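One structure below.
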Amino acid sequence: MESGMDPPKIFDRFYDSSEEEQENEFLYTDTNTAGKRLDYMIQFLDRRLENHHRNSDPLPEFVAPGGGEGIFRLPVRAAVHPGRPPCLELRPHPLTETQLGCFLRNLVCVDDSELWVGSENGVRVWSLGDVYKPAREDVVVNGDQETAPFVQSVTVSPTLCLVGHDASRMVWSGHKDGRIRCWKMLADCRDGDRPRSFFKEVLSWQAHRTPVLSMVVTLYGDLWSGSEGGALTVWPLESIEKSLSFIPEERHMSALIVERSYIDLRSQVTGKGICCNIFSADVKYLLSDHSGENVWSAGYLSFALWDSRTRELLKAFNIDGQIENLSVAMDPTIEEEVRVKVLAGSKKEKSQSSISFFQRSRNALMGAADAVRRVAVRGAFGDDRKTEALITTIDGNIWTGCTNGSIVQWDGNGNRLQEFQYHSCPVQCLFAFGLRIWVGYASGLIDVLDLNGSKLGGWIAHSSPVIHMAVGAGFIFTLANHGGIRGWRITSPGPLDNVICKELGDREFLYTKLENVKILAGTWNVGQERATHDSLISWLGSAATGADIVVAGLQEVEMGAGFLAMSAAKESMQVGLEGSSVGQLWLDMIGKILDEGSTFQRIGYRQLAGLLIMVWVRNDIRSHVGDIDVAAVPCGFGRAIGNKGAVGLRMRVYDRILCFVNCHFAAHLEAVNRRNADFDHVYRTMIFSRPSNILNSASGMVKYLLLPCFIACIMYIVWLVYSSRLPLALSIAAGVSSSIQVLRGANVTGIEPVVGIPELSEADMVVFLGDFNYRLDGISYDEARDFISQRSFDWLRERDQLQAEMKSGNVFQGMREAVIGFPPTYKFEKHQPGLAGYDSGEKRRIPAWCDRILYRDNCSTTVSTCSLDCPVIASVLQYEACMDVTDSDHKPVRCIFNVEIARVDNSIRRQEFGEIMGSNEKIRHMLVEQNKVPETIVSTNNIILQNQDTSVLRITNKSGEDIALYEIVCEGEFTIHESGQLSSNHSFGSFGFPRWLQVSPTTGIVEPDHIAEIAVHHDEHQTLEEFVDGVPQNWWCEDARDKEVMLLIKVRGGCTTEIKSHRIRVRHSISGKKMPVERKPKNVNTQSSVLQRADFLGNSCTSDVFAHLQNLHTP
21 MESGMDPPKI
31 FDRFYDSSEE
41 EQENEFLYTD
51 TNTAGKRLDY
61 MIQFLDRRLE
71 NHHRNSDPLP
81 EFVAPGGGEG
91 IFRLPVRAAV
101 HPGRPPCLEL
111 RPHPLTETQL
121 GCFLRNLVCV
131 DDSELWVGSE
141 NGVRVWSLGD
151 VYKPAREDVV
161 VNGDQETAPF
171 VQSVTVSPTL
181 CLVGHDASRM
191 VWSGHKDGRI
201 RCWKMLADCR
211 DGDRPRSFFK
221 EVLSWQAHRT
231 PVLSMVVTLY
241 GDLWSGSEGG
251 ALTVWPLESI
261 EKSLSFIPEE
271 RHMSALIVER
281 SYIDLRSQVT
291 GKGICCNIFS
301 ADVKYLLSDH
311 SGENVWSAGY
321 LSFALWDSRT
331 RELLKAFNID
341 GQIENLSVAM
351 DPTIEEEVRV
361 KVLAGSKKEK
371 SQSSISFFQR
381 SRNALMGAAD
391 AVRRVAVRGA
401 FGDDRKTEAL
411 ITTIDGNIWT
421 GCTNGSIVQW
431 DGNGNRLQEF
441 QYHSCPVQCL
451 FAFGLRIWVG
461 YASGLIDVLD
471 LNGSKLGGWI
481 AHSSPVIHMA
491 VGAGFIFTLA
501 NHGGIRGWRI
511 TSPGPLDNVI
521 CKELGDREFL
531 YTKLENVKIL
541 AGTWNVGQER
551 ATHDSLISWL
561 GSAATGADIV
571 VAGLQEVEMG
581 AGFLAMSAAK
591 ESMQVGLEGS
601 SVGQLWLDMI
611 GKILDEGSTF
621 QRIGYRQLAG
631 LLIMVWVRND
641 IRSHVGDIDV
651 AAVPCGFGRA
661 IGNKGAVGLR
671 MRVYDRILCF
681 VNCHFAAHLE
691 AVNRRNADFD
701 HVYRTMIFSR
711 PSNILNSASG
721 MVKYLLLPCF
731 IACIMYIVWL
741 VYSSRLPLAL
751 SIAAGVSSSI
761 QVLRGANVTG
771 IEPVVGIPEL
781 SEADMVVFLG
791 DFNYRLDGIS
801 YDEARDFISQ
811 RSFDWLRERD
821 QLQAEMKSGN
831 VFQGMREAVI
841 GFPPTYKFEK
851 HQPGLAGYDS
861 GEKRRIPAWC
871 DRILYRDNCS
881 TTVSTCSLDC
891 PVIASVLQYE
901 ACMDVTDSDH
911 KPVRCIFNVE
921 IARVDNSIRR
931 QEFGEIMGSN
941 EKIRHMLVEQ
951 NKVPETIVST
961 NNIILQNQDT
971 SVLRITNKSG
981 EDIALYEIVC
991 EGEFTIHESG
1001 QLSSNHSFGS
1011 FGFPRWLQVS
1021 PTTGIVEPDH
1031 IAEIAVHHDE
1041 HQTLEEFVDG
1051 VPQNWWCEDA
1061 RDKEVMLLIK
1071 VRGGCTTEIK
1081 SHRIRVRHSI
1091 SGKKMPVERK
1101 PKNVNTQSSV
1111 LQRADFLGNS
1121 CTSDVFAHLQ
1131 NLHTP
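Using my numbering, the letters of the sequence shown map in sequence onto residues 21 to 1135.
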């Protein structure tokens, strides 16, 4: 832009088509994007001017104190979250319902330019050059409307593991059906005016009969794969190369050649009489260490170390680092069972004559509950130190993450060095890049460590477990269990974060979209009665016309001792939670009233004994509603029986979390403290989840084998209660309740809330509805009837127990309720119309507002305008009781909410992120500084080796301040003909080092003003063993002609993906011919940014040292 020109106005950014703007690789604007930005900006201005439209004035409300304290503090919401670095939403959190059968499960980055993702139905690829672009509307997959552009494979079996290979730019995927597939990204093609990448499957074969759980490509190009039951197979490089080289007419033979070339390592080792636990455990992880000499295989509790050249077992050891002996150790579970049986036998010898029948019954039932607890814990979780992640760092060490949250450091020889623990939740994944280690936890947390294990920072990255990570294009990409992918700068936490956060926050109005939702919530204690069609129309049908979401909560749907006992037993075992036939009848009746199918869709429900919550959404917004989870919390009889308690349903609406909780608290006028305690228990312990499969077969059998025990136990408790033995019943119920909590905890699907913060506290809006059972204090039956007939509700509200307790901060802290303008809803004679229907029997219960609807949203005293800082603001339009309904002793109550929701258009936000990164001068300057590669010198660019020769390659870091990191890879192998011409031995690029060449170490750290020495050795390995169907068939000699290898040395800084490269030609000379200095091999692309290098050294012997490096330090 010329000097003196006015800076562009905000509208200019949408329509300016100058060449300068088009050349900026970070800017992607089109007419659709510009229109969206303008719409959002106008919405923002309307909010600032307070001209936003309201359908009607909201009702006045009573607000309880205590909402900003402790567990009742509002969740933090902002355009840019203040508690974590700014992130790039590569794939925003999709709704669970859109991901069934296609969840993403693993990541790998190839050549710093492509992000490959394995899913349950194939493979996806993101070009990292397109991460700031909007989604292509013509190829959007369900759930990916705001995802960065990607390409997807045809549907195949679920992908369980991925391995990328930079040199060949190939990706290997292991699948649930036991197949291994090889994929290769092809050249971009033009699709209209836009380039479009695509890839294809180039090789596929049946590797295992069971799922492929892990894979690794060794330094020498062999592909190792692990499966269930200790199966470990090697697929030699030679057979893979041969299959890839076939012409199309021969391609049908490729899979057969690879399949028959397998090497079964387990059979080879066990055939020698060696037997240990590693050979019976699933091979969950495979790793090639940075020395290139060893391969690690790991199960949950054991490890094995293999020689990658000879494929021999070097060492087997357990998670404590103890060397495995050659005998099979007794399973600790079996030892525990034996111990329990011995103890049980000794106890039977004791006399029981002095113990009463009730005491013996109590002991038996408590023993059963304890057995359930012990077996559930052991069966569900086993050893809490199971290995869940395995990585290698550039300094040659190995790191493992465990289910107890610990992180263990090992050396390259399998010796346990030290252990760190920063959190108690399970580690799900680890990733190492440069001088940093990233740790992903089941709670959604990420920690950043240095190579010594010291914590550099941490933040909550996702709302569900972080299951995989990969680095590319300056970002560490994290994959959450729900399928969302976020990119974080690899320098985070750091000063760059603050600049990006401020810029993104200032542009909030460009990517904020407002939505409006009407919610109809209703509660009714039906007293085990059936409702007429007219009653349901009066309660819900007449008010649902303008509603987008309908929530109905019922109490006392079905009661009775037998039903309560059966319900409690099912809850304890987490089986049969689909509800009762009576509950299904209510679902059908209300669904019919709401015209379910044509107008509304039922999205979820949950029943706990007599409690039932149901939710319907209008078809118009169904695509924006999902992640449906349910919960149940019993509060009756020792917190074990569901005659009192709560059921809840949680969902995401326009990317905001809404929770609805249907409650039935303790009855009777004097039980105020019990009601308060019921609320506190529900609020703190409600955990939203679905029954899961994480329990193994042992605990699964526990559920069904012990179900009769629990039914008998609950029935016994109910009998004791009715027999007036309440203290004994409560003591038994307490033991049962603790067992139930253990089993329930085993069924949580993996979302672990922040320690000490209930899940309800993390919601944007919470609605409590139900029969709270709070009564009127200090008033007689006749006085209450008089005030009701005069409609003097203001005086009655002063006697309301609930409002009194809320004012005192004892219950429903921080919640709001519209001012009540209807008569008390309890207690009525059934089928008696009008206010004359209040209880006139012998007990003459005082009328009360038992049935209530309360809520809280994101609104605080400082923020009251809907924005990304306060994304959900609700108001009450109607709050009324249906006094004409006479089917129950309670009147149904309904409430209509007007809810404003502010959400992020992640496609626009991603483009803004890219524009900030490309146009902000301060950020660009900081990136240049961070991406600097230390000045480094490589001692030679040509090496000649004869038999058994060793040459020393030196990398010198001339920087006096910055650490340099190096990695050496084989870029290609060539055969030298008698004419002197070179021919490549790999049609698809190099897969690894040739077996005659050893380079050690292949990675390392060079401190400032230091020298790293790398040994380049020729190994006399002239013969190869060929396997057919797992059996060695013959031996054959390698080509005796001279060979030449092109080594590529990649050098970068401590925490950057920018590299400088240097190429070294290594010749294995059998004929003794000298290597021309200047000649370059054909078909080898050189990069423009190369390191400085010294003059050619004839044989590069160890005594050759440059004079100007004499003062530098050598390790």
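Glycine included, every Cβ here is placed at the ideal spot set by N, Cα and C. Predicted model, so just to flag it, every value in this text is computed and none were measured.
query, result
"Whole angstroms are fine: how far does the CA of Met-586 sit from the CA of Ser-193?", "47 Å"
"Once DSSP output is grouped into helix, strand and coil, what is the label at Glu-991?", "strand"
"Answer yes if the region 184-192 comes into contact with the region 123-133, meaning at least three C-beta pairs across the two stretches below 8 Å, and no otherwise.", "yes"
"Are the CB atoms of Phe-832 and Phe-917 nearer to each other than 8 Å?", "no"
"Between which two residues does the alpha helix (DSSP H) holding Lys-942 run?", "941-950"
"Can you tell me where the alpha helix (DSSP H) with Ile-1031 in it begins and where it stops?", "First-last for Ile-1031: 1031-1038, but that is the beta strand (DSSP E), not the alpha helix (DSSP H)."
"Excluding five sequence neighbours on each side, which residues of the same chain lie with their C-beta closer than 6 Å to the C-beta of Val-635?", "Val-571, Ile-623, Gly-624 and Leu-669"
"Given that a residue counts as buried once 16 or more other Cβ atoms are within 10 Å of its Cβ, and exposed if not, what is Pro-102?", "exposed"
"Leaving out five residues on either side along the sequence, give the residues of the same chain with a beta carbon under 7 Å from the beta carbon of Glu-357.", "With a pLDDT of 44 at Glu-357, under the threshold of 50, the modelled position of this residue cannot be trusted; read the value that follows with caution. Result list for Glu-357: empty, nothing under 7 Å."
"Report the rounded CA-to-CA distance for Lys-664 versus Gly-630, giving the unit in angstroms.", "8 Å"
"To the nearest angstrom, how far is it from the Cα of Glu-1078 to the Cα of Ala-490?", "16 Å"
"Going by C-alpha to C-alpha distance, which of Asn-926, Phe-82 and Ala-84 sits closest to Arg-527?", "Asn-926"
"Does the beta-carbon of Ile-62 have 16 or more other beta-carbons within 10 angstroms, so that it is buried, or is it exposed?", "exposed"
"Give me the residue from Thr-407, Trp-326, Thr-290 and Lys-292 with the minimum Cα distance to Asp-340.", "Thr-407"
"In three-state DSSP terms, what is Ile-510?", "coil"
"Looking at His-1030 and Gln-966, is the spacing between their C-beta atoms short of 8 Å?", "no"
"Helix, strand or coil for Lys-590? Go by DSSP, reduced to three states.", "helix"
"Thr-532 bridges to which residues according to DSSP?", "Val-924"
"Buried or exposed for Ile-996, going by 16 or more other Cβ atoms inside 10 Å?", "buried"
"Would you decide whether Val-958 is buried or exposed? Buried here means 16 or more other CB atoms lie within 10 Å of its CB.", "buried"
"Counting along the chain, where does the alpha helix (DSSP H) carrying Gly-603 start and finish?", "601-613"
"To the nearest angstrom, report how far apart Met-579 and Asn-501 are at their CA atoms.", "39 Å"
"Just grab the DSSP bridge partners of Lys-1063 for me.", "Thr-995 and His-1088"
"Quick check: Cys-890 and Ala-541, are their CB atoms within less than 8 Å of each other?", "no"
"Which runs of the beta strand (DSSP E) fall wholly inside the region 638-722 and span at least 3 residues, in chain order?", "645-656, 661-673 and 676-684"
"The beta strand (DSSP E) with Lys-475 in it runs from where to where?", "475-480"
"Could you check what DSSP says for Trp-244 in three-state terms: helix, strand or coil?", "strand"
"So, with DSSP's three-state summary, where would you put Met-826?", "helix"
"Name the residue from Arg-930, Asp-797, Val-919 and Leu-822 whose alpha carbon lies nearest to the alpha carbon of Ile-866.", "Asp-797"
"Taking a contact to mean a Cβ-Cβ separation below 8 Å, would you say Val-682 touches Val-702 in this structure?", "At residue 682 the sequence reads Asn, which differs from the Val that was named. No, the Cβ-Cβ distance between Asn-682 and Val-702 is not below 8 Å."
"Looking at the structure shown, is Gly-934 part of a helix, part of a strand, or coil, going by DSSP?", "helix"
"Give a single yes or no on whether Gln-441 has its beta carbon closer than 7 Å to a heavy atom of the ligand GTP.", "The model on display carries no ligand, and the ligand GTP is accordingly not part of it."
"Taking the alpha-carbon of Val-145 as reference, which of Ala-901, Phe-218 and Leu-499 has the nearest alpha-carbon?", "Phe-218"
"Check the C-beta distance from Cys-5 over to Phe-792 and give it rounded, since I have them as a contact under 8 Å.", "No statement about residue 5 is possible, as the shown extent of the chain runs from 21 to 1135 and does not include it."
"Check this for me: beta carbons of Leu-94 and Gly-86, under 8 Å apart or not?", "no"
"Skipping 5 residues on each side, what residues in its chain have a beta carbon closer than 7 Å to that of Arg-229?", "Gly-198"
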